[in-house]
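Before any comments, here is the structure.
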Amino acid sequence: MAEVENLMERGKLAARGLNIVLISRSKDKLEAVAAEIEGIAGVKTKIVVADFGSTEIYDNIKHQLEGLDIACLVNNVGMTPFAIPDFFLNCGDEVYEKTVHCNVNSMIMMTKIVLPGMVKRKTGVIINLSSILATAPAPLMAVYAGTKAFALQFSKSLAVEYKDKGVIVQAVTPSFVSTKMTGRISTNFFVTTPASFVRSALNTVGLANQTSGCFSHSLQIWLESLFSQDVFCEWVKLPAMKRLREFGMKGRRQQSKKGK
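Residue numbers for the sequence shown follow the working numbering, beginning at 1 and rising by one.
See below:
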């Protein structure tokens, strides 16, 4: 699931003077981040505890948001079916169902809750987190990539629908950012920190309906576009994902031996 730290990354929106509503499943983390944001930025914060893997949360969220003029909605919640890349048939229906609830339904429902107020006020911003995996085939990540492709097309379509209503809708298609979800991967030119990524991505709001968020991630997408998607996917991506899978499986076996 998406981490609270990724949701606001130390209050970058709060630093721009916005009061903040944090919605996630971990109450203790929500409270800690809310306190930090209030201490640093001096804005008001509100927390709502909700597990976006469930479908039974939206009536409460809608109730909690009543009376609030939401200027910016960031749909950043997300999960992957596998801890490591794997073949489609190696995961149960329940996990795939939860992934779709989390990555797809949450975006639809949160937008449906917040968008009417923005249309009424004729102003607002919706930022939907997609992925670089939405821009080209992603073997061994098929369901996750599919949900992120939905996020991309959903956002681009809404951007056109509601442009004349004063609402900006932006899709963000990042590559690797060093977070818990990516195993705290080491940063380099192509792997950025959450703080750096959020700062760069926010600067594109209102300038582009689709952004990779930062220059190095844009470069990755451009480099891949130079090749035939089918050829690149079969000869580069699939072998790389298989190697990554084997590396992950080896790590699991080693952990299992240590636990015995």
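Quick reminder that beta carbons are idealized off the backbone N, C-alpha and C, glycines included.
As the structure is a computational prediction, the values presented were derived from the model and not from experiment.
At a Cβ-Cβ threshold of 8 angstroms, I168 and S178 do not count as neighbours.
Taking the CA atoms as reference points, Q229 sits about 44 angstroms from E31. Within 10 angstroms of the beta-carbon of F227 lie fewer than 16 other beta-carbons, which makes it exposed. Under DSSP, N19 takes part in no beta bridge, so it has no partner. Distance from the Cα of S130 is smallest, within the candidate group M79, F247, K112, R16, for M79. Going by DSSP, T147 is part of the alpha helix (DSSP H) stretching over 142-161. The alpha-carbon separation between E38 and S155 amounts to approximately 30 angstroms. DSSP lists V21 as the beta-bridge partner residues of K46.
Contact check for T99 against T135 fails: the beta carbons are separated by 8 angstroms or more. In terms of Cβ geometry, L68 and I113 do not form a close pair [threshold 8 angstroms].
Within its own chain, the residues whose Cβ lies closer than 8 angstroms to the Cβ of I70, once the five positions on either side in sequence are excluded, are V21, V114, G117, M118, G124, listed in chain order.
Using a Cβ distance threshold of 8 angstroms, C72 and I23 do not count as a contacting pair.
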